[in-house]
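Q:
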Amino acid sequence: MLKYKKCVNLFNILLIEFIAVLFVFLISMCIGRYTMGIGDVLKLITFSSDSQDYFALFWLIRLPRTVLVLISGSALALAGTVYQGVFRNPLVSSDILGVTSGASLGAVLSIMLWHNTTWIAQLASFCGGILAVGLAMSLVRTVKNNSTLGLILAGIIISSIASSLVLMFKYLADPYKQLPAIEYWMMGGFYNADWEKVIGIFPAVFLSATVILLLRWRLKVLTLGDDEAMSLGVRVKPVRGILVIAATVLVSAVVSVAGMVSWIGLVAPHIVRMIIGDDSSMGLVVSWGVGAVILLLADTAARTMTTSEIPISVITSFVGAPFLGYLMWKAGRAQ
Amino acid sequence: MNMNLNSGKHADFELKNLTVNLYGRSIIEDVSFRIEEGKIGVLLGSNGAGKTSLIKAIIGLVKPAEGEIYIGGLPVSRMKRRQQAQLISYVPQYHLAVYNYTVQDFIIMGRTPHLGIFGTPGEKDLKIVYEVMQYLGIMSMEKRSYLSLSAGERQMVLLARSLVQSAQVVVMDEPTTYLDYQKQYCFLDSLKKFVEKRGITAIISLHDPNLALKFADKIIMIHDKKVLFEADCKSGNYISKLNANIKKMYGEQVEIKKLESDAVALWK
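In the order they appear, the protein sequences are chains A and B. Count along the first sequence from 1, add 43, and you get the number used in the numbering used here. Count along the second sequence from 1, add 103, and you get the number used in the numbering used here.
(1) Tell me whether A/H313 is buried or exposed, calling it buried when 16 or more other Cβ atoms sit within 10 Å of its Cβ.
(2) Under the DSSP definition of a beta bridge, which residues are partnered with B/R137?
(3) Distance cutoff 7 Å, beta carbons only. Does B/T155 sit that close to anything in chain A?
(4) If A/G232 and A/G302 are in contact, beta carbons under 8 Å, what's the gap, nearest whole angstrom?
(5) Could you tell me the boundaries of the alpha helix (DSSP H) in which A/W228 lies?
(6) Can you name, in chain order, every residue of its own chain whose Cβ lies under 6 Å from the Cβ of A/P354, other than the five neighbours on each side?
(7) When we look at the beta-carbon of A/L58 and count the other beta-carbons within 10 Å, is it buried (16 or more) or exposed?
(8) From the DSSP output, read off the bridge partner residues of B/V273.
(9) I want to verify the contact list: residues of chain A whose CB lies under 7 Å from the CB of B/Y204, in sequence order.
(10) Identify the continuous alpha helix (DSSP H) that holds B/L345 and give its terminal residues.
(11) Could you tell me whether the Cβ atoms of B/L266 and B/A200 are closer together than 7 Å?
(12) Can you tell which of A/L119, A/F98, A/W102 has the C-alpha that lies nearest to the C-alpha of A/L327?
(13) In three-state terms, what does DSSP make of A/H158?
(14) Just how far apart, CA to CA, sit A/L258 and B/G225?
(15) Do A/A296 and A/I244 have their CB atoms nearer than 7 Å?
(16) Could you tell me the alpha carbon to alpha carbon distance between B/V194 and B/P278, rounded to whole angstroms?
(17) Ordered along the chain, which non-local residues of its own chain (more than five positions away) have a Cβ less than 7 Å from that of A/F212?
(18) Output needed for A/E60: all residues of its chain with C-beta closer than 6 Å, excluding positions within five of it in sequence on either side, in chain order.
(19) Shorter than 7 Å from the beta carbon of B/T215 to some beta carbon of chain A?
(20) If you compare alpha carbons, which of A/R376, A/V329, A/L367, A/W372 is closest to A/L55?
(21) Let me know if A/G116 comes out buried or exposed under the rule of 16 or more other beta-carbons within 10 Å of its beta-carbon.
(22) Check the DSSP bridge columns for B/V123 and list the partner residues they point to.
(23) Any beta-carbon of chain A closer than 7 Å to the one on B/L146?
(24) Give the secondary structure of A/L370 by DSSP, where H, G and I count as helix, E and B as strand, and everything else as coil.
(25) How long is the line joining the alpha carbons of B/Q189 and B/A305, rounded to whole angstroms?
(26) Quick one: using the 10 Å Cβ neighbour count with 16 as the cut-off for buried, is A/E226 buried or exposed?
(27) Taking C-beta pairs closer than 9 Å, name the residues in chain A that B/P167 reaches, listed in chain order.
(28) Just checking: is the beta-carbon of A/T266 within a distance shorter than 7 Å of some beta-carbon in chain B?
(29) Give me the chain A residues within the contact set of B/M212, using Cβ-Cβ distance strictly less than 8 Å, ordered along the chain.
(30) Per the DSSP calculation, B/I322 is bridged to which residue(s)?
(31) Leaving out five residues before and five after A/A216 in sequence, what residues of the same chain have Cβ atoms less than 8 Å from its Cβ?
(32) Using DSSP with H/G/I as helix, E/B as strand and the rest coil, what is B/E169?
(33) Bridge partners for B/S248 per DSSP, in chain order?
(34) Check the Cβ-Cβ distances between A/R131 and every residue of chain B, and say whether any is below 7 Å.
(35) Taking the alpha-carbon positions, what's the B/A319 to A/V294 distance?
(36) Hey, could you find the ends of the beta strand (DSSP E) B/W370 is sitting in?
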């Protein structure tokens, strides 16, 4: 009876998550313009296939894309869980806060000035993202009694500023070289994924995710509110600062390789809550897998549903926005 | 019960000449008082007298401009946040829940000051949670969610969270405000028993002079940012002294009378 039951559950949950990720991964590897059988995929992974075409398709196109999607999905879900915890509001995500817009502003700037190198784009979008989240944090304080209202207003303000600046940059951009690159990138998607991009974002994502997962208990205590967290021995400002910076690194890494991928950061933590209930610290552990699975499903759909590719945000928004509506409806009924 | 809770003789609480400023204005001026181990000190005062500010200064949310807070003779105001939290725990007036944690999850967060920066609670912490829950008689709530609890139950859960913190001093800001008549008594009664048994010290701010008279070992009247009067409820003539001062605070209509063994405050 005295067992802290979560410890036992945690292992099972991680196992189920791993199996789910593997399952979706294999499906995603098989389908596409050239369909491969599961046997072919297994042969390719173990280097025992002799088909040159399949080899290139698998190792240079499909696998890097799938890996990039898995990394991005987990990053967005983790970041979403952190923002929802730190801002003490389950309706917050990087999109609503304006972090995604800020990060894309940075990335657009880097495309214009230095072409699109993963490292520079990442750094530039991080600068944009952290500026946006800093602005959001200071704006929220001005609306004392209604934090949701404050956050949404802050998001509207920041997104508007960012998109007006993006428009200005597009207007100033070279219409033959830069404008198409910006336009193409803004649509978002993983169509030009390669190993360079995977290697480019992996260190930042891995480091931030590790920091966030290590601080998961502190994040949970922060959701009690500043005064109570402080009285429980948490140094609120530095811990919150580290968590927000780490989450913004995650979002800007994804933005720098895939443009705006909306809704995953909002939806994934809610799916986690439906599975394990409200628990911000355990939620972090579970959310990366959920994010990876839903983004991979969305990306697989994006590249296989029609003969040409659909931008991934079309799919994530089309599913994510009604999902938010459903959450509001459910919350309204609960009251 | 062989608990891992504090049982030493280090829970004497003392404020020496505490002055606190906030936004350039003084909110507490030169406050000194002392509460001994195993006793309940009640801060009594009208709205805006500075009770909440004093509580915030004691739990370290605001750093004092002058003076010092001592627990067991040790100055605490310059200690690290985590060390402070090992010595002082806090029960807010009301907890605004955003996420719906289970009662067990909620209470175990009280163990945070005893965990490392990357730590999560383990079975040892859960054992302490169960012991406190059993003591307070709230074991049956364990799996329920915080938002499904009534106001009285929520306050008991907050009390449990502060007790598993194993701190020497428990500080509470008007913990009975949202409780009904009976729950107020139950809450303070559980606290009093715990405080006496474990030899910890409690500092509670209250609005109701009758609750103060019933449960306090010491009543400290806060008026206009200062200590107006301090009464030891064991001394013989404390009622007449209280009477003189409570009139300064609430006006002439209020009077404290002895009724059998207890004293009560009446509105004439």
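Ideal Cβ placement from N, Cα and C applies to all residues, glycine included.
A: Concretely, from the data shown:
(1) Classification for A/H313: buried.
(2) Within the DSSP bridge table, the entry for B/R137 names B/E117 as partners.
(3) no
(4) 7 Å
(5) A/W228: member of the alpha helix (DSSP H) spanning 221–230, first to last residue.
(6) M230, G231, G232
(7) exposed
(8) In DSSP, B/V273 forms a bridge with B/S192, B/A305.
(9) D321, D322
(10) 341–353
(11) Judged by beta-carbon spacing, B/A200 lies beyond the 7 Å limit of B/L266, meaning their Cβ atoms are not closer than that value.
(12) A/L119
(13) coil
(14) 16 Å
(15) yes
(16) 7 Å
(17) Correct list, in chain order: V151, L152, M155.
(18) G332
(19) yes
(20) Sequence check: residue 55 of chain A is Asn here, not Leu. Selected option, being the one with the closest Cα: A/V329.
(21) buried
(22) B/I131
(23) no
(24) helix
(25) Cα to Cα, B/Q189 sits roughly 15 Å from B/A305.
(26) exposed
(27) Here the premise fails: no neighbours, minimum Cβ distance about 15 Å.
(28) yes
(29) K263, V264, L267, L275
(30) B/V145, B/A334
(31) Same-chain partners within the cutoff: M155, L222, I225.
(32) strand
(33) B/T205
(34) yes
(35) 54 Å
(36) From DSSP, the beta strand (DSSP E) with B/W370 extends over 365–370.
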